[in-house]
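Take a look at the structure below.
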Amino acid sequence: MAELLYLSDSYQKECDAKITAVLDGGKVALDRTIFFPAGGGVPNDTGKIICGDKEYSIANVRKEGGEVVHYIANADANLSAGLSVHCVLDWERRYHLMRSHTAAHTLAAILYREDMVLITGNQIEMDKIRFDFNLAQFDAEFLKSRIERANAAMKEGHAVKISSMKREDAFKIPEIVKLASALPPAIDVLRIVEIEGVDIQADGGCHVANTSEVGEIEFVKAENKGKENRRVYFRLKN
Ligand SMILES: [Zn+2]
Numbered sequence: 001m002a003e004l005l006y007l008s009d010s011y012q013k014e015c016d017a018k019i020t021a022v023l024d025g026g027k028v029a030l031d032r033t034i035f036f037p038a039g040g041g042v043p044n045d046t047g048k049i050i051c052g053d054k055e056y057s058i059a060n061v062r063k064e065g066g067e068v069v070h071y072i073a074n075a076d077a078n079l080s081a082g083l084s085v086h087c088v089l090d091w092e093r094r095y096h097l098m099r100s101h102t103a104a105h106t107l108a109a110i111l112y113r114e115d116m117v118l119i120t121g122n123q124i125e126m127d128k129i130r131f132d133f134n135l136a137q138f139d140a141e142f143l144k145s146r147i148e149r150a151n152a153a154m155k156e157g158h159a160v161k162i163s164s165m166k167r168e169d170a171f172k173i174p175e176i177v178k179l180a181s182a183l184p185p186a187i188d189v190l191r192i193v194e195i196e197g198v199d200i201q202a203d204g205g206c207h208v209a210n211t212s213e214v215g216e217i218e219f220v221k222a223e224n225k226g227k228e229n230r231r232v233y234f235r236l237k238n
């Protein structure tokens, strides 16, 4: 299993690594990686690995069989285990996704704290963010007001802190317990993402260091997906 550098430093844009395996001709595993594999409603990173004088572009990154697998768009026979490579992240895409992810946690926290609304599904994309939740009564004005509260909270400049916590200690924090059913039972130590004064969650994704980096989010549209099944789309303003 690769060392997952993005877990401790989401701002690391480049790293050196070694190829540990080449799978199905076009997929590469590394001993360490800065590339986030899709998961938890957050899309994968993209970027490139440089090997000698050749550049290989990474079109997709997935977790497969407990390993982070990098899909190489222009793979060739030169790629082989043991080779040293230099990894370069598509930082513009990653930073946009980090800002979106922290914004999503902030809005989810406000909906939970003020309205007892639990998000049942979420998907971040480059051009929008989707939340699904159960709520009998809702309208666009209600959602816009919560988005404005999230914007006000983010503008206050809350630090986003990464730490680890024993599972038994994490379970004593109510906001983490609300999500506990979604955690894999095998994990004894959880990675905790805390937006100080706003939200605390067990989370494996990349975030900005301070909510002021997000800027603002805006309402896109709301949908009724059936009885008590609501969907809202929002996005970064810029
Ligand atoms: Zn998250």
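In terms of the numbering used here, the sequence shown opens at residue 1 and continues consecutively.
Built from N, CA and C at the ideal position, the CB exists for glycine as well.
This one's a predicted model, so the numbers in the text were calculated from it and none came from an experiment.
(message) Nearer than 6 Å: is that true of the beta carbon of G242 relative to any heavy atom of ligand 1?
(response) Given a span of 1 to 238 for the chain in the structure shown, any question on residue 242 remains unanswerable.
(request) Note down, in chain order, each residue of its chain lying with its Cβ closer than 8 Å to the Cβ of A59, except the 5 sequence neighbours on either side. (result) To locate residue 59, count along the sequence shown from 1; it is residue 59. Sequence-distant partners of A59 (beyond 5 residues in either direction) whose C-beta falls short of 8 Å from its own C-beta, in its chain, are T46, Y71, I72 and A73.
(message) With distance defined between alpha-carbon atoms, name the residue in N229, N238 and K161 nearest to H105.
(response) Sequence index remark: in the sequence shown, residue 105 carries index 105 (1-based). Ranking the options by Cα distance to H105, first place goes to K161.
(request) Assuming G40 contacts G204 (C-beta within less than 8 Å), just tell me the rounded distance between them. (result) Residue 40 sits at position 40 when you count from the first residue of the sequence shown. Residue 204 sits at position 204 when you count from the first residue of the sequence shown. Yes, G40 and G204 are in contact; Cβ-Cβ is about 6 Å, under 8 Å.
(request) Ignore the nearest five residues each way along the sequence and tell me which others in E194's own chain have a CB closer than 6 Å to its CB. (result) In the sequence shown, the residue the question calls residue 194 occupies position 194. Excluding positions up to five away in sequence, the list reads K161 and I200.
(request) Could you tell me the distance, in whole angstroms, from the CA atom of F171 to the CA atom of L23? (result) As a first step, residue 171 must be located in the sequence shown, where it is residue number 171. As a first step, residue 23 must be located in the sequence shown, where it is residue number 23. For F171 and L23, the gap between their C-alpha atoms comes out near 39 Å.
(request) Quickly, what does DSSP pair H86 with across the bridge? List them, please. (result) On the sequence shown, position 86 is the one that residue 86 refers to. Looking at the DSSP assignment, H86 forms a beta bridge with D16 and I50.
(message) The beta strand (DSSP E) that contains F219, what's its start and end?
(response) The residue given as residue 219 occupies position 219 in the sequence shown. Here the beta strand (DSSP E) through F219 covers I217 to N224.
(request) Under 6 Å Cβ to Cβ from F131, same chain only, skipping five residues before and after it: list those, please. (result) Mapped onto the sequence shown, residue 131 falls at position 131. Here the set comprises I119, N122 and V232.
(message) Helix, strand or coil, according to DSSP, for K63 in the structure here?
(response) For the purposes of this step, residue 63 is taken as residue 63 along the sequence shown, with counting starting at 1. In the structure shown, K63 adopts extended strand secondary structure according to DSSP, grouped into three states.
(message) Looking at the strands, I want to know which residues DSSP matches up with S164.
(response) Residue numbering aside, residue 164 sits at position 164 when the sequence shown is read from its first letter. The partner list for S164 (beta bridge, DSSP) reads R191.
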